[in-house]
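Residue numbers (my numbering), protein chains in the order written: chain A, 1488 to 1738; chain B, 1488 to 1738; chain C, 1488 to 1738; chain D, 1488 to 1738; chain E, 1488 to 1738; chain F, 1488 to 1738; chain G, 1488 to 1738; chain H, 1488 to 1738.
Protein chains: 8
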Amino acid sequence: MDPRDVRELLERVRTGELATDQALEVLQQLPFRDIGIATVDHHRALRQGVPEVIFGQGKSVDQIVAIIEEIVRVGQSVLVTRIEPDKGEAIAARVPSFQYAPLARTGKVTVKPPPERAVGPIAVVTAGTSDIPIAEEAAETLLAIGLRPDRIYDVGVAGLHRLLLRVDELRHAAAVIVIAGMEGALPSVVGGLVATPVIAVPTSIGYGAALSGFTALFSMLTSCASGVVVVNIDSGFGAAMAAHRMLPGSS
Amino acid sequence: MDPRDVRELLERVRTGELATDQALEVLQQLPFRDIGIATVDHHRALRQGVPEVIFGQGKSVDQIVAIIEEIVRVGQSVLVTRIEPDKGEAIAARVPSFQYAPLARTGKVTVKPPPERAVGPIAVVTAGTSDIPIAEEAAETLLAIGLRPDRIYDVGVAGLHRLLLRVDELRHAAAVIVIAGMEGALPSVVGGLVATPVIAVPTSIGYGAALSGFTALFSMLTSCASGVVVVNIDSGFGAAMAAHRMLPGSS
Amino acid sequence: MDPRDVRELLERVRTGELATDQALEVLQQLPFRDIGIATVDHHRALRQGVPEVIFGQGKSVDQIVAIIEEIVRVGQSVLVTRIEPDKGEAIAARVPSFQYAPLARTGKVTVKPPPERAVGPIAVVTAGTSDIPIAEEAAETLLAIGLRPDRIYDVGVAGLHRLLLRVDELRHAAAVIVIAGMEGALPSVVGGLVATPVIAVPTSIGYGAALSGFTALFSMLTSCASGVVVVNIDSGFGAAMAAHRMLPGSS
Amino acid sequence: MDPRDVRELLERVRTGELATDQALEVLQQLPFRDIGIATVDHHRALRQGVPEVIFGQGKSVDQIVAIIEEIVRVGQSVLVTRIEPDKGEAIAARVPSFQYAPLARTGKVTVKPPPERAVGPIAVVTAGTSDIPIAEEAAETLLAIGLRPDRIYDVGVAGLHRLLLRVDELRHAAAVIVIAGMEGALPSVVGGLVATPVIAVPTSIGYGAALSGFTALFSMLTSCASGVVVVNIDSGFGAAMAAHRMLPGSS
Amino acid sequence: MDPRDVRELLERVRTGELATDQALEVLQQLPFRDIGIATVDHHRALRQGVPEVIFGQGKSVDQIVAIIEEIVRVGQSVLVTRIEPDKGEAIAARVPSFQYAPLARTGKVTVKPPPERAVGPIAVVTAGTSDIPIAEEAAETLLAIGLRPDRIYDVGVAGLHRLLLRVDELRHAAAVIVIAGMEGALPSVVGGLVATPVIAVPTSIGYGAALSGFTALFSMLTSCASGVVVVNIDSGFGAAMAAHRMLPGSS
Amino acid sequence: MDPRDVRELLERVRTGELATDQALEVLQQLPFRDIGIATVDHHRALRQGVPEVIFGQGKSVDQIVAIIEEIVRVGQSVLVTRIEPDKGEAIAARVPSFQYAPLARTGKVTVKPPPERAVGPIAVVTAGTSDIPIAEEAAETLLAIGLRPDRIYDVGVAGLHRLLLRVDELRHAAAVIVIAGMEGALPSVVGGLVATPVIAVPTSIGYGAALSGFTALFSMLTSCASGVVVVNIDSGFGAAMAAHRMLPGSS
Amino acid sequence: MDPRDVRELLERVRTGELATDQALEVLQQLPFRDIGIATVDHHRALRQGVPEVIFGQGKSVDQIVAIIEEIVRVGQSVLVTRIEPDKGEAIAARVPSFQYAPLARTGKVTVKPPPERAVGPIAVVTAGTSDIPIAEEAAETLLAIGLRPDRIYDVGVAGLHRLLLRVDELRHAAAVIVIAGMEGALPSVVGGLVATPVIAVPTSIGYGAALSGFTALFSMLTSCASGVVVVNIDSGFGAAMAAHRMLPGSS
Amino acid sequence: MDPRDVRELLERVRTGELATDQALEVLQQLPFRDIGIATVDHHRALRQGVPEVIFGQGKSVDQIVAIIEEIVRVGQSVLVTRIEPDKGEAIAARVPSFQYAPLARTGKVTVKPPPERAVGPIAVVTAGTSDIPIAEEAAETLLAIGLRPDRIYDVGVAGLHRLLLRVDELRHAAAVIVIAGMEGALPSVVGGLVATPVIAVPTSIGYGAALSGFTALFSMLTSCASGVVVVNIDSGFGAAMAAHRMLPGSS
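The following block contains the structure:
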């Protein structure tokens, strides 16, 4: 896909170093591996500088273990998101190196630790106590990709004092992940207080008019603070990966 | 309908002061007047202590003038909401005592000024400049029912300083009407700062995810500040009438 | 935040009564307490004249007990909403002073009873039998903040007699909380009968076109009775807090 | 389609009265006429006992005139709904017997008056003045099919007196068409007062949470008064046709 | 409420037959009975000629038994809708005269059988096998109010033959209740085939784009067959009550 | 229904070969069979060249077994969709020839194998591993109607290499069924790569803004690749039947 | 992209016929042309066997003319969809060979006529007269790609006779495009009558519950006739292109 | 607000350099200016390093000119978004230094050019020609804040070649703004190709199932490419401001 690779390949064909059929085979042997239930893409980790990630929801323990083992086999680390505690324990029982974080509902096998990155902490801010599981999913993902979370929890806009006293801390962060359900007002306020990236995560906390997170989602998208960006409802993982793309050392 | 009235009527029947048929007639001659296009309810003004109000949207100039004249004929004041400027001018041309407020899109004929009410001002707060027409509808309605608006405009949450410097003013109001479009976050913040009634008005300002005011509406309904109440989208009139119900001297 | 506090602080700095660093520390030692899972805001109770309230949904028994104990430790009362019976019993087993109301799904610890308030009763009206749990949440909250509920249940508009015979009672209330699911028509009718505040609570009762409470919600927002205000679906708590803001003695 | 017709046809084939091919031709010569832009179904009028009806919206004056002329040619009456005034006048200029009703936005050519029907009047009730155009569409349709409308306008639930004084009139109607926008509460109240058919018509009157008539629609569908039926938003025509089906003499 | 009753009462007051206070008391002793959890309205049965109906969903066995007993105590029949089998059996164990119909999820106590009504059968038509429970709710309700159901099941539009062969039967019905989920096309086809009332019931059968019955609901409301009326999703009971209102002998 | 059949019937009546009443009976004895719970349409299989299909969701084991037996009795094969494993096993216990495919949640009884069809394979492509159950429902249905699935799983657009390397395979398919949840982008990309029919199946995989499959559905409907067609959410069966209609040998 | 092209290119590099840099350049000189406002893809026409198509909505006359000229310059035909009459005339004034079809709102320049295709006609069926513009867009597109439309208009399900008499015609079509607004029931009925491909096009005809075409869309997606496929609302073009993919001679 | 400012102020009060009242006044004289219609916040520009921005939609020419003049008066640059051409020209006529960009519908007065920033270009990518206005709003905003746009237009996923040939260019950008309407698939594909920040902008291009941009919005939020972030529909401005926050030199 990358023109430099194509050029090099062509060059090797031209010099006779590689036969036409071999070249075609190389093009077809890009680093995928079909293990029946999935086309594991070992290239992605290299390409984006992150451990392989498995979306655990809707996959069986057998499937997850099979994918983990294939990834670990080639020497990569792996992060699994959205695994409920019983599933997490079942996987740990079969893959001893698997570390499960119950609050975040994530687990990982660290084959090689992520490279250190020369950036400040990422503030992970929640409006309420109920938003903490999503915040922890973000924090665990940040750790897995070599970033450092700074947790600032339960500082929603109905008690503005709590937030204002921590403005300094927010301003020293390399980026701010703001997690809120219900009316989702917190990112607008934070966005007006800091100049760094603000990644808003709506959560499904609330009832009735909270619309399972859509009120917070729309609220954040139409925020009066400019430059606030948004990821999917309850996607702590997505927010962390967005921070990863924004900060030096991601590629 | 009111048991006391029924009792008095029964008593007058019992004493022979009133014949049965007359009593029945009285019951049927409650103060309505059918003017063809509307059943004008002169009783409502008495019942709720407010001038008669006409919802102008979707009514013709002829219809509005006819209803105004019927109301004024019996000595009541009248307020008309939701009239576009051209219609407002056409009415004024035919009813000289009609005063039109273009920003609020309201007009009124004041036959007798509303009674003075011994309450503090009602803060009318907007998040942005674009919310001002709705705020003016609220302010004009407040004036028509004898309440005093205190306008605090363009103090949205993305520039928190502007709001915080006026907290004292908010705390001295008898009630606070908070008007905001887009993400509708302002009532949550105001609700955390004052203990008095907070009436939130979502506006249809914004685009895309603002959903013509529904994002602000849902945001306000699921506000993390407790006891905030909400009226319909763009209903400055509804907010003023809600304040009217809440404050002494409404009945 | 309050200018008077800032002025006093400045004055004490000016007079040397307080060192600069001490003043800063005071500003930072506002009455919050970070207990790990929550930033408990002891100031809020003072600020709004109510017991601390915990939204129980989505919190574990451990978390709720920890927050209750922190609040009680500083001598405040506490109300917990949205706790299912099994959770309620588990908390009561660990906090003996905890009183659980199963119909309302609320519980409380009363350290000091709320101050008496010189206002009339708050009518709590339901359209049907199925709306009673929400009504009880409102009633329990009213009691916790020193207001007196007057329960008027099962008087929906399809049998108008039942409502009309209790109009007197409605007219003597300081405010009326009207709770209805399905088509949510009751607040419009009540709003036309009384001049006092009408706080409408849509409930999720009904099926199909009832849209889990949204039909009642939109119905109430677009009520033809002016000045009716609305809170979130199923939010008996929100309605009681709104009454609290509207009535004398709230601050 | 009707087995009796098939049997008769078969019998005539059996007796040699009709050749096989002729029989097939008869089956294919059912009373349709393709006039290019439409397949005019003259059978429908016979089948359902009503004049032919043209839905005028989105059709040009040319198209409407062509269809009217085809219908009149075979001696049927015709009713056209949803024609704006300018179109109505243009049609009248070309079809002199065309009578246009501007408020209802309907027009008709009466070739033979509808048969008299031995039923009481149909009450056509509106909640507000703005609902009158839809009510007039219902009334005009009722007249076109031989039913008698009894107009009861502007008696919405916020002023209950107006409705209650006309209960007798409602009870004497053969059926009640109830037309309301905004919260659509009127059919629930009427449904509790009368035992006759209640046909609810939601209108698109209102703004914001009125959702262009969907709030009234859902409200009416989930009405707490049993046996209320509903037609499409703004469909005065549909309500009249529903009454037609319900009353003696429709077939 | 009824003017004749008021007139008679007034007359008795005038003749001294009744004291003023007694008259007031009579007005207040209309046939309601408050049994704590419900305001049982014995008048309704009289007023609408039907047994009392209890909406069973969301009520406990205790509550239902208490309401049944109060109704039976005054000599009325009672129908309970929306009771799951386990609840139905529990009620039957405590009220021996209670007859439960599991497919329809309804139960009844027949104190006096409904009066015979001189009308033809009501066709109860379903598009598929899965719509049968809703059809049975309609059928059971029809029986409880003295109407006769004619069941025509599983004749949806994808196999038109099945429907066309039963057109005669449809045409002999006094009214047709058409029950369909998924795309809800059946009422449009039936409405084109018969001239009698067509009451459409959308069901929540289907998945994805079936939208839990809303696609069928909207489909039926915007039916191209004129005069089709619609009730709430899955409301077999509502359809039967609508038929009741439409047919002779309902009051 | 088919004119040729009617003509033949008429001809036999004309020649006296068939009595009128017999002819009518024949018309009424089209190959349906009412087995109480369903009107089994044996004609449909003949008419569309497929085994009978039962939609298993919401039907009891008893009902499904009864319908299977009726179909098998007349010598047809049968396919049952949407049966959960426990139900599938229960049916297999009672109908020994019933073969259950747990991943696809389908089962079948093959009385006579489907005719061989002279067309290429049908590519069944999924974006992710979680879409496989829907793909298997499509594959099982294809097999039941004599078409050959070519499974290409887990080749979503975020890792474009995986898809591009299999373009040849896609281009050799007679039609491509593309199954994707979340943002549903895969059919747009595939539609740009192949000229054969592309049948898009949205799945309910994803959370939050995935809207239970509606985001993928709308995405596919508004695809920028022209000529892509769409079936209902999660309808692997519908996609296979669509392929059946498109390919030679379907009738 | 196509492995055969890559293999040939590699072979030519290997034999020295092509220098490495030349090969790379070839890979980059695929037949696109950037004309500033658009990346015109001349390859697409070749790839899919159709004239270039321009989506006219939202493009200026200048932009459309520029793109047409670029396409015609290389000897391709071009079809433009969604152009209102005034725009169509403006383009024709500047491009004399441009033929505009006002009913379909399409225009085309035919440089070389499409190849003849050995397939039967495509039935283009509408439920009503108002659906004709969408049907004409389909018909014009079919003609532009060498397919033959058979127009069957105004045969909606409320008058079933009209449709049934044309079943033979439907059965002789190679595919059936069914276009319907309002309740969108027609494709379900047609799908039960024919075994060939049924492509359903929902239209935005109707009001209220028709939801601008979404009711018809969802209705068609959840059709009880299996194998019906759906394209976007009002997309006559999409339906024709879908037919193109399904029929022999498309690539 | 900033603790350092508070500390410094306190210090100056302590040293007597500043009187208490003066300090309070300073706190209240933060750089806002109330010009009647707006609270112009000169601090924001300083705080976030950008020119003042006015949201032009819904503001009159008079209002915009007044706000521009106030901003320019204090020596700041200003950018106005969402101004239609006629309004843009009217402003330019009154403010000669005002430069209007019609395609982007933005205008600006540059008092001092933005500081140069040492970052690479920002790729601004569109799926189609119709998305260009939103792309230009982004590009104009980038220029106003000192960033360099690299425009890559009309490279949607249905013609994948066009995109793949420009992958190198995408990989050299500091961030990629991806703008797409309809199914919004482009950001998922781009997100899989580059490791840098991907800011997705849904546009309201398309019809029917495109849902005025919501399908693209939800598609982007649930993208299978991780770390993609999203801004409001049609918000080219929001995307540029997001890039501003992400890149060095923003504060």
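Cβ coordinates follow ideal geometry from the N, Cα and C atoms, glycine included.
Would you tell me roughly how many angstroms separate the C-alpha atoms of residue i and residue j, rounded to the nearest one?
i, j, result
"B/Ile1686", "H/Pro1602", "44 Å"
"A/Ile1720", "H/Phe1705", "10 Å"
"B/Gly1545", "D/Ile1692", "8 Å"
"A/Val1698", "A/Gly1668", "Looking at the sequence provided, one finds Leu at residue 1698 of chain A rather than Val. One C-alpha to the other measures close to 10 Å."
"C/Ala1579", "A/Thr1616", "22 Å"
"H/Leu1680", "F/Val1663", "25 Å"
"G/Thr1593", "G/Arg1638", "17 Å"
"D/Gly1646", "C/Val1676", "8 Å"
"C/Val1548", "F/Val1612", "47 Å"
Quick one: does residue i have its CB under 8 Å from some CB of chain B?
i, result
"A/Asn1719", "no"
Distance cutoff 8 Å, beta carbons only. Does residue i sit that close to anything in chain H?
i, result
"G/Gly1545", "yes"
"B/Ser1699", "no"
"B/Gly1695", "yes"
Comparing the C-beta of residue i with each C-beta of chain C, is any distance below 8 Å?
i, result
"D/Glu1656", "no"
With 8 Å as the threshold, decide whether the Cβ of residue i is near any Cβ in chain D.
i, result
"C/Leu1647", "yes"
Which same chain residues, not among the five before or five after residue i, have their C-beta less than 7 Å away from its C-beta?
i, result
"F/Arg1534", "Because the pLDDT at F/Arg1534 is just 47, under 50, the model does not fix this residue reliably, and the value given afterwards should be weighed accordingly. None."
"C/Val1718", "Ile1686, Val1688, Gly1725, Ala1726, Ala1729"
"B/Gly1700", "Gly1668, Pro1689, Thr1690, Ser1691, Ile1720, Asp1721"
Say whether chain F places a C-beta atom closer than 8 Å to the C-beta of residue i.
i, result
"D/Arg1501", "yes"
Does any C-beta atom of chain E lie closer than 8 Å to the C-beta of residue i?
i, result
"C/Tyr1587", "no"
If we define contact as Cβ-Cβ less than 8 Å, is residue i a contact residue for chain A?
i, result
"C/Ser1617", "no"
Going by beta carbon distance, what residues of the same chain come within less than 8 Å of residue i, once the five residues before and after it are set aside?
i, result
"H/Ala1506", "Val1500"
Check each candidate in the options and name the one with the smallest Cα separation from residue i.
i, options, result
"B/Met1707", "B/Val1561, B/Leu1673, B/Ala1614, B/Pro1735", "B/Leu1673"
"D/Val1552", "D/Val1582, D/Thr1568, D/Ser1564, D/Gly1562", "D/Val1582"
"E/Val1715", "D/His1731, D/Pro1620, D/Thr1709", "D/His1731"
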